[in-house]
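*Asks:*
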Amino acid sequence: MLSVQGLGLHHSGNYLFQNVNFTIKKDDKVGLVGKNGAGKSTLLKMLSGEITFYEGNVVPEGNITIGFLKQDLDFVKGRTVWDETMQAFEQINAWKSELEEVNHQMTVRTDYESDSYTDLINKMTELNDLLMNHDAYNLEGDMEKVLFGLGFKADDFQKITDEFSGGWRMRIELAKLLLQKNDIMLLDEPTNHLDMESIIWLENFLKDYPGAIILVSHDKQFMTAVCNRTFDINNKKVDDYKANYSKYLVMREERREKLIQSKKNQDAEIKQMEDNINKFRASATKASFAQSLIKKLEKIERIEVDNEDVSKFNIRFVQSVVPGKVIFEAENLGKAYGSKKVFDDVDFIIQRGDRIALLGQNGQGKTTLAKILSGEIKDYSGAWNLGHNVNIGYFAQNQEEVLTPNKTVLEEAEDSATEETRPRVRDLLGSFLFQGEAVNKKTKVLSGGERNRLALCKLLLRPFNTLIMDEPTNHLDIQSKEIIKLALQKFEGTLIVISHDREFLQGLCDKIFEFRDGKMKEFLGNIDEYLEYRQKESIREISIEKAKLHGEETKVETKPASKPEDKPSTVNQQPPTILSKEQKNIQNKIKKVEEKIAELETQIENMEATFTKENPSDETLEKYNKAKEELELSLQEWEYLGSQLD
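Numbering (full-length UniProt numbering), first residue to last: 1 to 646.
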């Protein structure tokens with residue numbers, strides 16, 4: 001589909017790429033990996049045609065279409081979400097407009113026997129065939145599927161795009177790209193601005209995408225699930241691994257070990273040559289031999305091996321005094337901006353040593369709560385209390401707001417250091433890739449990733465016993481994320497973290513605060529257990545949104561009044577001979593749900609029987625509450641499926 005031949009690009013006087021060759025085929029799903037600044041985003045722009053000043057050739061095969069997720073939005077003001085999403089079908093919209101004009105001409109004209117009228121009939125037939133072949137009359141279903149998957153609700157479809165934040169408008173742009181079904185799709189950090197549920201939906205969508213995909217992402221789990229091929233950009237070249245991200249890591253380590261051995265051999269050879277040059281340079285009879293060795297030495301292409309072992313970075317957050325048992329306690333906490341309510345009636349107790357992830361869609365109040373607890377927001381309803389001896393370290397999402405523009409990296413770090421940590425400043429900056437002259441950069445010229453790394457470094461220079469981290473992995477490359485995760489795993493204090501990165505949260509948090517529809521719900525369990533629960537909930541919620549969109553009534557009770565066996569079977573009310581395929585599918589789903597309900601009820605009854613004989617352990621109580629919650633969800637699903645048959 002696409003061939004790259006001898007690709008090269010100069011950047012700041014040096015080659016960013018040199019003599020790069022590869023071919024992209026129809027089913028390839030390629031992940032681009034490499035350190036920040038290696039050229040991943042630049043390569044995407046070259047393949048898309050946005051950058052044209054390069055050496056070599058990018059040769060598309062035939063009339064393939066290439067779609068590129070751009071970061072700059074160009075929406076027409078006043079369009080609804082639905083109308084803006086419809087712009088994805090530019091050619092189909094043009095055919096529809098042309099068909100409308102043809103139909104109008106056929107209505108108003110009366111020269112039925114003329115050649116031009118016959119041409120109109122032929123044009124109408126041609127346009128109808130084109131629209132049918134491109135499935136133009138089923139676009140609405142595809143649009144609903146993608147918009148719901150990316151987190152929009154039915155009520156959002158007719159809202160003006162101007163009402164939405166930049167992150168939500170970027171979701172609309174992503175929806176348009178996904179709907180275009182290009183032969184090759186180029187995605188630069190597509191999970192930015194997405195919540196975890198939308199990331200998982202996008203992951204599944206891309207796995208089944210019929211065309212080729214080339215993507216840049218720092219989400220390891222996302223890359224492993226989507227990609228079947230990995231390009232490692234390093235040392236001005238592209239190493240091609242025919243494997244997903246996880247397998248690539250194993251293969252790269254094997255290749256790296258061989259490279260280390262080759263470098264040792266090369267270093268020994270270079271040292272021998274340098275010794276001979278020094279030995280024979282002053283000799284009149286051997287001077288020409290020394291010169292030939294110098295020329296040979298200059299032509300050697302030095303082997304470089306990146307040091308990617310993060311375990312050597314023994315980075316720890318400095319622990320301050322031990323706080324009281326209760327860190328934060330909130331009652332009826334709420335926050336609104338004018339008439340816009342963010343959340344209300346939030347109650348919780350956070351105890352010493354808790355490790356909590358705040359999850360939910362963007363705009364639901366995660367960052368707002370973090371700012372309230374860190375003291376950044378002082379205007380709220382309800383009440384919350386700070387525990388005894390609690391020292392808070394706060395990592396803000398927008399680092400440009402908390403860094404002093406005209407200070408250097410070194411000055412900013414030194415201002416955060418204590419007497420005890422001041423000697424560690426340069427070492428810590430080096431661990432976060434600020435080495436040599438980089439420490440003299442002004443903070444105002446730093447990239448997003450550099451700002452985040454500096455802010456994290458500052459947190460490591462002061463003693464805290466409670467950390468509140470708002471999207472600490474934004475803009476960080478994979479190695480930097482691993483460094484900070486290791487440090488957080490070693491931290492013995494209380495941790496509250498906002499992140500949409502599943503792999504980052506694994507092994508880091510054991511409790512979830514979920515923000516949804518202006519409320520907060522506490523979930524006891526790790527990220528994997530929570531996602532399993534959310535997957536079941538999301539299926540039900542999307543079904544409700546679809547029903548709402550099409551004006552159907554969907555009965556969903558928070559606590560069903562009766563059990564399945566108390567209700568007459570909807571299936572038995574219709575003769576089997578007239579059941580449609582869809583109804584049969586619903587029947588099968590109802591049967592499976594009823595079996596699950598019976599199984600859960602038995603489990604709950606057995607556990608309740610043991611409660612009368614002995615006090616249940618915390619683990620047993622957790623299992624009991626989880627079973628009750630699953631039973632409630634299953635009953636709700638049973639109610640909904642029954643209404644679908646009606």
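A virtual CB, placed ideally from N, CA and C, is assigned to each residue, including glycine.
Considering only C-alpha positions, which residue in the set P210, R252 and V326 is nearest to D232?
*Replies:* Residue R252 is the option with its Cα nearest to D232.
*Asks:* Among residues of its own chain, excluding the 5 on either side of F464, which ones have a beta-carbon nearer than 6 Å to its beta-carbon?
*Replies:* Around F464: S320, N391 and G393.
*Asks:* Compute the distance between the beta-carbons of H218 and D477, then report whether it is under 8 Å.
*Replies:* Yes. Within cutoff.
*Asks:* Can you find the residues in the same chain that come closer than 7 Å, C-beta to C-beta, to K441, ignoring five residues on each side of it along the sequence?
*Replies:* Correct list, in chain order: T408 and V409.
*Asks:* Output the distance between the C-alpha atoms of I578 and I586, rounded to the nearest integer angstrom.
*Replies:* Residue confidence is low: I578 scores 39 on pLDDT, short of 50, so the model does not pin down where it sits. No coordinate-derived value is stated.
*Asks:* On the three-state DSSP scale, how would you describe L476?
*Replies:* The answer is coil: DSSP assigns L476 none of H, G, I, E or B.
*Asks:* Could you give the distance in angstroms between the alpha-carbon of L16 and the alpha-carbon of L460?
*Replies:* Approximately 33 Å between the Cα atoms of the pair.
*Asks:* With distances taken between CB atoms, is the gap from K341 to Y380 smaller than 8 Å?
*Replies:* For K341 and Y380, no; Cβs fall outside 8 Å.
*Asks:* Does the beta-carbon distance from R453 to L433 come in below 8 Å?
*Replies:* Yes, they are a contact pair.
*Asks:* When you compare only the Cα positions, how much space is there between N204 and V226?
*Replies:* Cα-Cα distance, rounded: 8 Å.
*Asks:* Around the Cβ of E622, are there at least 16 other Cβ atoms within 10 angstroms (buried) or fewer (exposed)?
*Replies:* Its Cβ having fewer than 16 others within 10 Å, E622 is exposed.
*Asks:* Considering only heavy atoms of the ligand FAD, does any lie closer than 7 Å to the CB of D115?
*Replies:* For the ligand FAD, the structure offers nothing, since it holds no ligand at all.
*Asks:* Look up P575 in the DSSP assignment and say whether it is helix, strand or coil.
*Replies:* Residue placement at P575 is poorly supported in this model, since its pLDDT is 34, which falls under 50; the coordinates are not used for a value here.
*Asks:* Throw me the rounded Cβ distance for the L32 and K40 pair, which I believe falls under 8 Å.
*Replies:* Confirmed, Cβ separation roughly 4 Å.
*Asks:* What are the boundary residues of the alpha helix (DSSP H) that includes G449?
*Replies:* Element bounds for G449: G448 to L459.
*Asks:* Which same chain residues end up closer than 6 Å to V238 when comparing Cβ atoms and leaving out the 5 residues on each side of it in sequence?
*Replies:* Excluding sequence neighbours, V238 sits near V20 and F231.
*Asks:* I need the straight-line Cα distance from R229 to Q221, nearest angstrom please.
*Replies:* Distance between the alpha carbons of R229 and Q221 is about 14 Å.
*Asks:* Does DSSP put Y624 in a helix, in a strand, or in coil?
*Replies:* Helix.
*Asks:* With DSSP collapsed to three states, give me the class of Q5.
*Replies:* Here Q5 sits in strand by DSSP.
*Asks:* Thinking just about the alpha-carbon of each residue, which of T368, F22 and I350 is nearest to the one in K242?
*Replies:* Looking at the Cα atoms, F22 is the closest of the given residues.
*Asks:* Does the count of Cβ pairs from the region 94-106 and the region 171-178 closer than 8 Å reach three?
*Replies:* No: the two stretches stay apart, fewer than three of their Cβ pairs being nearer than 8 Å.
*Asks:* Using the beta-carbon count (16 or more within 10 Å), is I199 buried or exposed?
*Replies:* Buried: at least 16 other Cβ atoms inside 10 Å.
*Asks:* Where do the N-terminal and C-terminal ends of the beta strand (DSSP E) with K341 fall, by residue?
*Replies:* Start and end: K340 to Q351.
*Asks:* Quick test of the definition: if touching needs 3 or more C-beta pairs under 8 Å, does the region 140-159 touch the region 75-82?
*Replies:* Touching, yes.
*Asks:* Closer than 6 Å by C-beta to K626: which residues in its own chain qualify, once you throw out the five before and the five after it? Chain order, please.
*Replies:* Within the same chain, K626 has no close Cβ partners at all.
*Asks:* Give a yes or no on whether the C-beta atoms belonging to residue 658 and L186 are separated by under 8 Å.
*Replies:* This structure gives no information on residue 658, because the portion of the chain shown stretches from 1 to 646.
*Asks:* Give the range of the beta strand (DSSP E) segment to which E522 is assigned.
*Replies:* Where E522 is concerned, the enclosing beta strand (DSSP E) stretches over K519 to L524.
*Asks:* Determine whether the beta carbon atoms of G382 and E331 lie at a separation below 8 Å.
*Replies:* Contact flag set, yes.
*Asks:* When you compare only the Cα positions, how much space is there between F343 and F164?
*Replies:* Cα-Cα distance, rounded: 18 Å.
*Asks:* Which residue from F504, P210 and T620 puts its Cα closest to that of E471?
*Replies:* Answer by Cα proximity: F504.
*Asks:* For I468, which option in K481, G62 and A357 has the closest C-alpha, if you only look at C-alpha atoms?
*Replies:* Of the candidates K481, G62 and A357, the one whose C-alpha sits nearest the C-alpha of I468 is A357.
*Asks:* Residue range of the alpha helix (DSSP H) that N265 falls in?
*Replies:* From DSSP, the alpha helix (DSSP H) with N265 extends over Y245 to F280.
*Asks:* Count the C-beta pairs between the region 362-379 and the region 524-536 that are closer than 8 Å, then say yes if the count reaches three, no if not.
*Replies:* In short, these stretches do not touch, since the Cβ pair count stays below three.
*Asks:* Alpha carbon to alpha carbon, how far is N138 from V346?
*Replies:* Going from the Cα of N138 to the Cα of V346 covers about 43 Å.
*Asks:* Label N474 either buried or exposed according to how many other C-beta atoms from any shown protein chain fall within 10 Å of its C-beta, with 16 as the threshold for buried.
*Replies:* Burial call: buried.
*Asks:* Can you give me the start and stop residues for the alpha helix (DSSP H) that V92 sits inside?
*Replies:* Per the sequence presented here, residue 92 reads as Ile, with Val not at that position. Per DSSP, I92 belongs to the alpha helix (DSSP H) from E90 to V108.
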